[in-house]
Amino acid sequence: MTTLLTVGSLVSRRFRGALTILGCLSIFFLLVPVVRAGVEYEVWLSDQANTQGITPATPTGTHGGAIRIYEGADLDQTPPINNPLVLDVTADLFPDADVTTGAHVSRIHGVSPSPDHRHMALNFVASGHLGIVDGETKKPVCLFRTTNMTTGRQNHMSFWTPDGLHIIVANQNGRILERVDVVRNAQGAPISFTFNGTASLDLVGGAGRILGQPIGVDVDVTDNIVCEVAGVVTDGQPTTTPTGAAKQAANIRPLNAPICPIPASNNRHVFVTLGGGGMFVVDLTATPMAIVGEYDLSVVRAAGCGGVETNGFMHLNTGTSGPNISEFSIYRFTLNYPPAPAFNAPNTPAPLAVWQDKDNGKVAGVDLPAGTNRDAHGIIVVRNNQSGIGLYLHQMDRIRNNVEVFKLSPPWDNLTKRHEGTYSLTASGVCGGTPGTTKTNDPTPDLGDLTLGGVPIGNRIYVALRGPFPLTISHAADGSCPGLGIIDLSPNRRSGGLSAVMDTTVLSADGSRNLSDPHAAVVRKKTPLQPTLPCGKKGCK
1080 MTTLLTVGSL
1090 VSRRFRGALT
1100 ILGCLSIFFL
1110 LVPVVRAGVE
1120 YEVWLSDQAN
1130 TQGITPATPT
1140 GTHGGAIRIY
1150 EGADLDQTPP
1160 INNPLVLDVT
1170 ADLFPDADVT
1180 TGAHVSRIHG
1190 VSPSPDHRHM
1200 ALNFVASGHL
1210 GIVDGETKKP
1220 VCLFRTTNMT
1230 TGRQNHMSFW
1240 TPDGLHIIVA
1250 NQNGRILERV
1260 DVVRNAQGAP
1270 ISFTFNGTAS
1280 LDLVGGAGRI
1290 LGQPIGVDVD
1300 VTDNIVCEVA
1310 GVVTDGQPTT
1320 TPTGAAKQAA
1330 NIRPLNAPIC
1340 PIPASNNRHV
1350 FVTLGGGGMF
1360 VVDLTATPMA
1370 IVGEYDLSVV
1380 RAAGCGGVET
1390 NGFMHLNTGT
1400 SGPNISEFSI
1410 YRFTLNYPPA
1420 PAFNAPNTPA
1430 PLAVWQDKDN
1440 GKVAGVDLPA
1450 GTNRDAHGII
1460 VVRNNQSGIG
1470 LYLHQMDRIR
1480 NNVEVFKLSP
1490 PWDNLTKRHE
1500 GTYSLTASGV
1510 CGGTPGTTKT
1520 NDPTPDLGDL
1530 TLGGVPIGNR
1540 IYVALRGPFP
1550 LTISHAADGS
1560 CPGLGIIDLS
1570 PNRRSGGLSA
1580 VMDTTVLSAD
1590 GSRNLSDPHA
1600 AVVRKKTPLQ
1610 PTLPCGKKGC
1620 K
């Protein structure tokens, strides 16, 4: 069954009745809770394709995008049912964004659930917005726009800290790391979201970098949740790290565009991968946030987007940074970093273990057959159902359409010995073609998540499959079957295969091309989990 989006008809039939009850909607991975029994869940799929302004003059549209929300009960059917609720991020969530923030929301890159699964953070990579949406009602709560820098503004991705008290925002083109603070009541429910300008950390530094301060909009003034901006982002921040090294410089860290900032379980440190290579470990509790660990590109390669803490370590990846370049690396880091103002010497502590593909650095069409370079992106840990301990790490490859699997067990200093093998996403042949593509059976995996359902629990991975006209990373992310991919795992969890694709469609003005470009799939538990911290009578801050 095809889910077709056309302008003016973007909400599924099933949701139209719900709109009458809820009232008109007026306006992505980190620590997975241990789940010992199947629970009700839903899968949120972010589709970057424009859904507004699709006309003969602008055949691919001007802005917008879609969130498709699939019921777990539908996906668990045999065969799975493709009947999502569809939200247009402009028409249904943030129609006033242009008036209130100076731009329409554009290119919904990913969605991430709060640790209690009550709220979802929506990341708009083109327009630089961060939206907060109530996970249960699907109603918008807040809309923020990141700091405008001389190098641009974006929100490539944001992640909640495990205690749910902060959202760390990767302002990629701005080359600045930003923070939203969350205050919760005694029951753990949020009472305010504050974009804290004084917390922003310029990853380049220097005077004259700031063109505009962040913007905050309280979208629903009736929900008793405050959305605001507090403080001012400081211009003229240092151009050097605490060790005296240049923050950004050729052959050290040539392009400090934050990609995926992954918070650690201590709610203090965040691991920030950089577009040009290198990495910072940042104390997110400092104001402004502060670098406490620094790595150059001789240690951490470029363009990492995928990280997860498990078994007492942080696991990160790096992928291709440019057309035809092959890059597929996985790193295991300790969690032992100091609080600010203390800091470590450069490149210390070294990664505990590194796995690098033998073709790293090779160029497809020169050193490799055309189209056979590699690109590690996204990372998923399959866990023990009873203990919650990670069993296997599944690392997707967006170009070769396969998955590398690593066992999470000693020796912790050797990933090569723990490499369990590779499985293909093309073997099943369930990925076909779509209007406008010349290819078939090219399932291009992006960000995904482990199911909260299944028998036994956690028996499949949901993953976004990219389209033939990708809006981001076009050199690595064009696929033939845009949609929600379902990977059924083997009983031992060391392998799997693509068993179904819930195809998605956003047609160009003349109907000749399917513009749909899903980038991230995330699983949300439908019944909110208990607060992650005992907040006390005065709430959590």
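Using the numbering used here, the letters of the sequence shown map in sequence onto residues 1080 to 1620. Beta carbons are placed, not taken as given, at the ideal position from N, Cα and C, and that holds for glycine.
Here S1595 has D1126, A1128, G1546, P1561, T1583, T1584, V1585 as same chain residues with Cβ atoms under 6 Å from its own Cβ, once five neighbours each way along the sequence are excluded. Under the criterion of beta carbons closer than 8 Å, S1559 and T1519 qualify as touching, at roughly 5 Å. Runs of the beta strand (DSSP E) spanning 3 or more residues and lying entirely within the segment 1424 to 1499 occur at 1432 to 1435, 1459 to 1462, 1469 to 1476, 1481 to 1486, in chain order. Each of G1575, I1409, G1527, R1592 was checked against the Cα of N1493, and the nearest Cα belongs to I1409. DSSP, read as helix, strand or coil, puts A1419 in coil. Cβ-Cβ separation between L1154 and I1565: approximately 7 Å, consistent with a contact (criterion under 8 Å).
A contact between stretches requires three or more CB pairs, one per stretch, nearer than 8 Å, and the segment 1243 to 1259 meets this requirement with the segment 1223 to 1235.
Secondary structure note for A1309: its beta strand (DSSP E) is the uninterrupted segment 1305 to 1309.
The residue among T1505, K1441, N1538 with its C-alpha nearest the C-alpha of P1570 is N1538. In the DSSP assignment, T1389 is bridged to F1392. Beta bridge pairing from DSSP links V1371 with no other residue. Note that the C-beta distance between G1532 and Y1541 is not below 8 Å. Between P1597 and A1543 a beta carbon distance of about 4 Å is seen, short of the 8 Å cut, so the two are scored as contacting. The straight-line gap separating the alpha-carbon atoms of R1477 and P1522 is approximately 8 Å.
Pairing I1246 with V1190 gives a Cβ-Cβ distance that is not under 8 Å. Inter-segment contact for the segment 1362 to 1370 and the segment 1418 to 1428 is present: three or more beta-carbon pairs are separated by less than 8 Å. Linking A1328 to A1429 through their CA atoms gives a straight-line distance of about 21 Å. Under the 10 Å beta carbon count, E1215 is surrounded by fewer than 16 other beta carbons and is classified as exposed. Sequence-distant partners of E1119 (beyond 5 residues in either direction) whose C-beta falls short of 7 Å from its own C-beta, in its chain, are G1151, K1605, T1606.
In the three-state reduction of the DSSP assignment, T1584 falls in the strand class, which pools E and B. Each residue's CA atom was taken as its position, placing P1448 and D1557 some 17 Å apart. The C-beta of T1399 has 16 or more other C-beta atoms within 10 Å across all chains shown, which makes the residue buried. For G1210, the enclosing beta strand (DSSP E) stretches over residues 1208 to 1213. The alpha carbon of E1121 has as its nearest neighbour, out of S1591, N1161, P1342, the alpha carbon of N1161. Using a 10 angstroms sphere on the CB of P1402, the tally of other CB atoms stays under 16, which defines it as exposed. A check of alpha carbon separations from P1241 across N1346, L1353, H1394 identifies N1346 as the nearest.
Assignment of beta-bridge partners to C1510 by DSSP yields no partner. Spatial neighbours of H1554 in its own chain (CB-CB distance under 8 Å, excluding positions within 5 residues in sequence) are listed in chain order as T1399, G1401, P1402, N1403. Pairing L1353 with N1335 gives a Cβ-Cβ distance under 8 Å. Residues A1556, D1557, D1596 of the same chain have their beta carbon placed closer than 6 Å to that of P1549, with the five preceding and five following residues left out of the count.
With 16 or more neighbouring CB atoms inside 10 Å of its own CB, P1340 falls in the buried class. A residue is called buried when at least 16 other Cβ atoms come within 10 angstroms of its Cβ; S1587 meets this threshold and is buried. G1295: not part of any alpha helix (DSSP H); member of the beta strand (DSSP E) spanning 1294 to 1297, first to last residue.
Bounds of the alpha helix (DSSP H) holding V1178 are 1176 to 1180.
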